[in-house]
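Below: one structure, written as structure tokens.
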Amino acid sequence: PGQWYLHLFDPSQPDLNWSNPLVRESFEEIFRFWFDRGVDGLRLDAVPAIGKDADFQDAGCDQSSQFAPETSPPTTYWDAGDVHEVVSTWRRIAEAYDPPKYLVGEINVSSAEALLRYIRPGELQSVFAMNLAKAPWDAAEFRRRIAGNLNFTSNGESWPTWVLSSHDEVRSVTRFGELADGSLDIALGTRRARAALLITLALPGGACLYQGEELGLPQVKDLPRELLEDPIVTRTGNPQKGRDGCRVALPWDTSTPSFGFGTGPSRLPQPSDWGSLSAQVQEMDHSSFLHFTRRALKVRRESKFSLFDNFEWVELGEDVLAFDRGDIRCIVNFGATSLTLAPDALVVVASADVSAGKLPTDVGVWLRR
């Protein structure tokens with residue numbers, strides 16, 4: 002009685018007091034613990050949540066509206082206080098290693114200026130470009146979001162890390178397969194997700210694959226209500242707002258009860274047909290999503306890419322997204338009709354069959370320049 006604590010998220014997640022030197026020292030020890038064991042870097046979650054006004058001034062929030070970091074006005078409990086001092090300390094720890102360790106942050110803030118402060122010299126090397134994980138299947142919208150991220154984050158010292166799916170968002174296969182009438186076309190979503198992967202892997206900067214993305218897993222939309230644990234669901238009572246559907250355990254093989262994930266059933270039940278999407282089955286099918294992803298990653302490693310390669314848009318029509326980077330030209334057809342490829346086009350990787358010299362709708366290709 003009479004004791005209180007601060008939390009921005011779930012009541013089971015009390016916020017740490019970052020003005021306490023012992024908290025900062027504890028985190029510095031955590032960084033060194035993992036760096037000393039050879040990890041190349043760390044992914045830092047919700048970094049702006051560290052920053053709170055030192056005097057804990059009342060934020061004056063409208064209790065009827067939900068705080069959204071990207072759209073809400075600046076506040077005293079997000080992206081405030083000493084957050085940049087903390088991040089700078091982490092960067093100094095990372096730079097003390099040879100080679101330096103890599104820090105990428107999830108930075109949800111309300112302006113480009115606020116974002117840029119996190120990738121100044123001495124802070125993070127990279128921030129997640131999360132807006133493609135919410136993008137509709139539209140060439141102009143993809144281009145707008147890509148251009149915005151490149152303008153804000155490619156300064157020769159830092160770079161974007163591109164993301165199509167995450168533990169917070171609907172999986173790309175499902176997102177791209179949702180039709181205007183509310184129905185879901187998984188085959189269409191899979192076709193588009195393969196093409197979209199070629200975009201993110203060809204862009205300047207880094208790329209992050211969410212677990213299961215390499216298998217083309219869809220969102221699980223029919224989980225039993227009583228098994229959902231996402232606080233968003235428990236607070237709103239709306240299962241459709243929850244994130245559990247992208248957090249179902251991976252199918253490794255066709256064995257039951259959890260497709261090789263463990264000896265018992267998974268906490269969130271996997272769909273009964275996920276054996277066909279398992280790594281074991283896809284390993285035997287060279288046309289599978291898994292093998293396609295491996296081919297693209299192999300070409301990415303072997304191509305003349307660097308973090309800061311010259312990037313140039315190529316104009317091939319309003320329904321086509323195309324750009325050059327290094328020795329690769331990436332083309333994705335968002336339109337309703339096929340696109341004719343040049344007779345001498347050297348195809349390196351394609352998300353579907355382009356042997357007829359045509360780039361079908363919802364298909365992507367990398368050409369050697």
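The sequence shown: position 206 = 207 (our numbering), numbered continuously. The beta-carbon is built from N, C-alpha and C at its ideal position, and this holds for glycine as well. These numbers come from a predicted model, not from an experiment.
For residue 173, the closest C-alpha among the options 211, 207, 205 is that of 211.
Distance between residue 197 and residue 11, taken at the CA atoms: about 33 Å. The beta carbons of residue 71 and residue 111 sit about 6 Å from each other, so the pair counts as a contact at 8 Å.
Annotation for residue 323: the continuous beta strand (DSSP E) segment containing it runs 321-326. Cβ contact annotation for residue 309 (same chain, cutoff 8 Å, sequence separation greater than five): 155, 157, 160, 205, in chain order. Judged by their CB atoms, residue 42 and residue 104 are nearer to each other than the 9 Å cut-off.
When DSSP assignments are scanned along the region 11-86, the uninterrupted stretches of beta strand (DSSP E) that are 3 or more residues long and fall wholly within it turn out to be 42-45. In this structure the region 315-331 does not touch the region 208-225; the number of beta carbon pairs closer than 8 Å is below three.
Within the DSSP secondary-structure output, residue 330 pairs in a beta bridge with 325, 368. As a beta-bridge residue in DSSP terms, residue 208 pairs with 163. Sequence-distant partners of residue 153 (beyond 5 residues in either direction) whose C-beta falls short of 7 Å from its own C-beta, in its chain, are 113, 116, 117. For residue 359, the three-state secondary structure derived from DSSP is strand.
For secondary structure counted as the beta strand (DSSP E) over 3 or more consecutive residues, the region 266-326 holds these complete runs in sequence order: 312-314, 321-326. If you draw a 10 Å sphere on the C-beta of residue 40, you find fewer than 16 other C-beta atoms in it, and that means exposed. The continuous alpha helix (DSSP H) containing residue 202 extends over residues 187-203.
If only uninterrupted beta strand (DSSP E) runs of at least 3 residues are considered, those enclosed by the region 88-127 are 103-106. Assignment of residue 237 by DSSP, reduced to helix, strand and coil, places it in the helix class.
Closest by C-alpha distance to residue 337, out of 140, 255, 257, 251, is 140. Within the same chain, 177, 193, 335 come within 7 Å of residue 138 by CB-CB distance, once the 5 residues on both sides are set aside. If you look at residue 174, you'll find it in the alpha helix (DSSP H) that goes 173-178.
With 16 or more other Cβ atoms from the protein chains shown falling within 10 Å of its own Cβ, residue 166 counts as buried.
With a threshold of 16 other beta carbon atoms within 10 Å, residue 35 falls short and is exposed. In the three-state DSSP reduction, residue 228 falls in the helix class (H, G or I). DSSP lists 367 as the bridge partner or partners of residue 350. Residue 91 and residue 222 have their C-alpha atoms spaced approximately 39 Å apart. Within the DSSP bridge table, the entry for residue 260 names no partner.
When only Cα atoms are considered, residue 29 and residue 38 end up about 14 Å apart. When the five nearest sequence neighbours on each side are left out, the beta carbons in the same chain lying within less than 8 Å of the beta carbon of residue 187 are those of 174, 175, 178, 219, in order along the chain. As the crow flies, the alpha-carbon of residue 283 is around 11 Å from that of residue 275. Residue 129 sits in a strand when the DSSP states are folded into three classes. Residue environment analysis places residue 58 among the exposed positions, since fewer than 16 neighbouring C-beta atoms fall within 10 angstroms of its C-beta. According to DSSP, residue 338 shares a beta bridge with no other residue. Going by beta carbons, residue 209 and residue 249 fall outside the 9 Å limit.
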